[in-house]
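Working notes for the structure below.
There are 2 protein chains.
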Amino acid sequence: MEQKNPIQVAGRLFGVLEFLADAGSAGLMEVSVALDLNKTTAHRVLNSLIYMGYARQNAVSGRYEPTFKVVDIANRIMGRVDIVQTVRPYLRKLMEATGETVHFVERDGNDAVYIDKVESMSNGIQMVSRIGSRIPLYCSGVGKAMAAEMDDWEIEEIWNNSKILRLTPHTITDRNDFKRELEEIRKRGYALDDEENESGVRCIACSLREPLGSARHAFSISAPVSRMDNGRLRELAASVLKVREEITRKLRASVAGPETVRKEMRYMHEQHEHREKCRLDAR
Amino acid sequence: MEQKNPIQVAGRLFGVLEFLADAGSAGLMEVSVALDLNKTTAHRVLNSLIYMGYARQNAVSGRYEPTFKVVDIANRIMGRVDIVQTVRPYLRKLMEATGETVHFVERDGNDAVYIDKVESMSNGIQMVSRIGSRIPLYCSGVGKAMAAEMDDWEIEEIWNNSKILRLTPHTITDRNDFKRELEEIRKRGYALDDEENESGVRCIACSLREPLGSARHAFSISAPVSRMDNGRLRELAASVLKVREEITRKLRASVAGPETVRKEMRYMHEQHEHREKCRLDAR
DNA sequence: CTCCTTTGTTTCATAATACGAAACTAAATT
DNA sequence: AATTTAGTTTCGTATTATGAAACAAAGGAG
Chain U
323 MEQKNPIQVA GRLFGVLEFL ADAGSAGLME VSVALDLNKT TAHRVLNSLI
373 YMGYARQNAV SGRYEPTFKV VDIANRIMGR VDIVQTVRPY LRKLMEATGE
423 TVHFVERDGN DAVYIDKVES MSNGIQMVSR IGSRIPLYCS GVGKAMAAEM
473 DDWEIEEIWN NSKILRLTPH TITDRNDFKR ELEEIRKRGY ALDDEENESG
523 VRCIACSLRE PLGSARHAFS ISAPVSRMDN GRLRELAASV LKVREEITRK
573 LRASVAGPET VRKEMRYMHE QHEHREKCRL DAR
Chain X
323 MEQKNPIQVA GRLFGVLEFL ADAGSAGLME VSVALDLNKT TAHRVLNSLI
373 YMGYARQNAV SGRYEPTFKV VDIANRIMGR VDIVQTVRPY LRKLMEATGE
423 TVHFVERDGN DAVYIDKVES MSNGIQMVSR IGSRIPLYCS GVGKAMAAEM
473 DDWEIEEIWN NSKILRLTPH TITDRNDFKR ELEEIRKRGY ALDDEENESG
523 VRCIACSLRE PLGSARHAFS ISAPVSRMDN GRLRELAASV LKVREEITRK
573 LRASVAGPET VRKEMRYMHE QHEHREKCRL DAR
């Protein structure tokens with residue numbers, strides 16, 4: 323039993339907020355039933371969210387819906403993640419060169435978290451992924467790419483603490499197969515996800531060589547198998563490795579060199595925040 | 323006096339979360355002081371956020387920091403906003419044609435909320451804006467573009483309920499000047515923001531003609547004055563109006579036509595969510 | 001090295017707060 | 001007109017969040 327929430331309402335507040343985010347909109351009773359809350363409690367929680375500006379009640383339908391306030395907070399958080407700003411131009415170039423959607427992730431425990439995504443517009447069929455959502459390391463291209471850079475004990479730890487599930491017929495569920503696969507990745511320099519996580523989707527992924535610390539980020543190209551035969555894969559592998567080199571060079575330069583640029587941007591941002599604050603205070 | 327929050331801790335929970343989002347990371351005492359909370363209360367609130375996965379305590383520094391969970395929620399919310407998906411390709415094209423950053427907003431009361439942004443990469447100097455953040459209608463290009471489409475009584479209401487501030491020497495602070503300006507916009511078909519909101523920044527903006535309802539969305543091109551002399555402005559005006567027409571046509575088509583496409587995508591998304599749920603339940 | 005300051009964590013009695021049953025209103029539905 | 005359902009308000013009560021105080025642990029100063 324994992325000890326309970328030190329603040330009971332907290333779970334209810336965020337539960338309702340998440341529910342609204344998923345549902346798009348909901349009536350009081352829907353919320354009440356879905357989260358198993360007393361009608362009155364649901365009502366109070368919703369009003370609290372409204373009071374704080376995280377939800378609103380649609381004037382015509384009377385239904386409750388989320389506002390964009392969480393979106394604002396989310397972007398304040400993302401704004402601080404410098405690596406995204408640094409790497410994005412390269413990922414964009416990669417997307418343009420290949421015409422496929424490119425993802426960028428950061429390691430967090432036994433998962434990878436999507437922190438950026440450059441979508442190809444040309445293709446009708448879009449990959450379904452979301453910034454901020456998670457994917458296990460053991461069964462994803464990006465995950466394996468990062469794991470390949472780690473010490474053996476860390477790999478063991480990841481494997482042991484992951485709930486190994488056969489998500490598709492191709493998912494690797496054997497520890498030794500996994501280790502052999504990582505060995506393979508080390509040789510090649512890039513990782514593959516051959517429908518191991520989602521049927522019909524192939525990925526080619528590769529980790530970043532960062533100046534400090536080991537394997538915290540990776541990027542990938544994902545596409546339906548129909549566009550990812552072995553020939554195409556070889557083609558993409560070349561692009562991926564080239565971009566990896568470019569990013570590596572850039573990151574090395576950033577550490578030694580013009581950190582001032584980053585600081586300047588931070589300053590501009592601070593100035594902007596300041597003006598916004600003034601505006602609010604003036605109410 | 324605006325009645326108080328029906329759930330006291332709620333304000334504290336979200337207050338702390340927002341603080342962490344802005345600060346990047348913070349110690350217990352920083353939080354305690356900044357939000358005027360008892361040390362113990364701050365501690366409890368932080369632990370509750372950690373318990374729910376919205377914050378974590380850095381293993382080495384011991385400092386508290388936000389996780390990407392809000393980011394995930396934010397993107398679940400944004401994923402439901404169909405208009406963004408529909409319009410983005412056009413905005414991207416506009417960005418590529420002009421080389422300038424393009425913004426897309428939705429009206430919310432007396433403000434506009436940024437709901438999309440296509441950044442130009444080529445230019446070193448980036449505009450500072452954030453998806454989910456707000457800007458008053460009365461002093462922004464996008465705001466005026468939408469206001470120009472409204473009935474007189476609604477314009478009055480917006481003006482009366484806005485806190486009119488002289489943000490820069492160019493800000494319009496007189497009701498009649500404002501109305502004359504809107505008249506001008508109606509004639510031209512697009513709006514200008516000539517350093518009215520932020521010194522040194524000019525915008526050209528224009529609202530969307532949507533099949534149902536009036537003036538809920540607008541887009542704009544923003545750039546430093548140095549890149550936005552009157553000649554350039556005329557050039558951009560042509561592009562902006564052209565894109566507006568393209569979007570209008572597309573929106574009209576979407577209503578009558580292939581709504582199925584949208585439904586299909588929604589279906590794919592639902593499938594994906596389902597798989598994720600299974601994964602979590604399996605724990 | 002010791003003392004002192006600062007920060008983070010835990011405990012606990014108490015006051016305040018969130019809780020939910022019930023009553024009530026207003027729409028929909030039959 | 002009668003019945004059901006959703007949403008809102010009230011209020012006594014039990015639970016829960018609260019904060020003072022004690023404690024632990026990690027720097028900093030002398």
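Quick mapping for you: the protein sequence lines, in order, are chains U and X. Using my numbering, read the first sequence as starting at 323 and increasing by one per residue. Using my numbering, read the second sequence as starting at 323 and increasing by one per residue. Glycine residues also receive a C-beta, built at the ideal position from the N, C-alpha and C atoms. The structure presented is a predicted model; accordingly, all values stated were derived computationally and were not measured.
For residue 540 (chain X), the secondary structure class from DSSP, reduced to helix, strand or coil, is strand. DSSP places residue 527 (chain U) inside the beta strand (DSSP E), whose first and last residues are 523-529. The beta carbon of residue 333 (chain U) sits closer than 9 Å to some beta carbon of chain X.
Residue 417 (chain U) and residue 442 (chain U) do touch by the CB rule: their CB atoms are close to 6 Å apart, below 8 Å. Assignment of residue 474 (chain X) by DSSP, reduced to helix, strand and coil, places it in the helix class.
DSSP, read as helix, strand or coil, puts residue 382 (chain X) in coil. Look at residue 496 (chain X) here: in three-state DSSP terms it is coil, with no helix or strand label. Counting the other CB atoms within 10 Å of its CB gives residue 398 (chain X) a total of 16 or more, which places it among the buried residues. In this structure, DSSP gives residue 338 (chain U) a helical state, which the three-state scheme calls helix. Judged by DSSP in its simplified three-state form, residue 456 (chain X) adopts strand.
Listed by position along chain X, the residues whose Cβ is nearer than 8 Å to that of residue 339 (chain U) are 395. Under a 10 Å Cβ-count criterion, residue 518 (chain X) is classified as buried, with 16 or more other Cβ atoms of the shown protein chains found around its own Cβ. Here residue 514 (chain X) carries a strand assignment [DSSP, helix/strand/coil].
With a 10 Å radius around the Cβ and a threshold of 16 neighbouring Cβ atoms, residue 515 (chain U) comes out buried. For the pair residue 477 (chain X) and residue 433 (chain U), the Cα-to-Cα distance works out to about 50 Å. Distance between residue 574 (chain U) and residue 380 (chain X), taken at the CA atoms: about 25 Å.
A check of alpha carbon separations from residue 551 (chain X) across X:576, X:538, X:525 identifies X:525 as the nearest.
Under the three-state reduction of DSSP, residue 464 (chain U) is assigned to helix. Around residue 471 (chain X), the same chain offers 529, 536, 537 as residues with beta carbons nearer than 7 Å, after the five sequence neighbours per side are excluded. For residue 485 (chain X), there is no enclosing beta strand (DSSP E), since its DSSP letter is neither H nor E. For residue 491 (chain X), no CB of chain U lies under 9 Å from its own CB, so it is not counted at the interface with that chain. With its beta carbon less than 9 Å from one in chain X, residue 455 (chain U) belongs to the interface. With respect to the 9 Å criterion, residue 459 (chain X) and residue 440 (chain X) are not classified as neighbours on the basis of their beta carbons. Ranked by Cα distance from residue 512 (chain X), the first of X:567, X:498, X:520 is X:567. If you check each beta-carbon in the region 423-437 of chain X against every beta-carbon of chain U, the ones closer than 9 Å belong to 428, 430, 435, 436, 437.
The beta carbon of residue 482 (chain U) sits no closer than 9 Å to any beta carbon of chain X. In this chain, the alpha helix (DSSP H) harbouring residue 372 (chain X) covers 361-374. With distances taken between CA atoms, residue 544 (chain U) lies nearest to U:522 out of U:553, U:531, U:522. Relative to the Cα of residue 534 (chain U), the nearest Cα in the group U:465, U:498, U:576 belongs to U:576.
Within chain X, the residues placing a beta-carbon under 7 Å from that of residue 343 (chain U) are 395, 398, 399, ordered along the chain.
In this structure, residue 348 (chain X) places its C-beta atom within 9 Å of the C-beta atom of residue 341 (chain X).
Interface residue (Cβ-Cβ distance to chain X less than 9 Å): residue 411 (chain U) is classified as such.
For residue 388 (chain U), the nearest CB of chain X lies under 9 Å from its own CB, placing it at the interface with that chain. Listed as beta-bridge partners of residue 440 (chain U) by DSSP are U:424. Chain-order list of chain U residues neighbouring residue 391 (chain X): 454, by C-beta distance under 8 Å. In this structure, residue 427 (chain X) keeps its C-beta atom at 9 Å or more from the C-beta atom of residue 343 (chain X).
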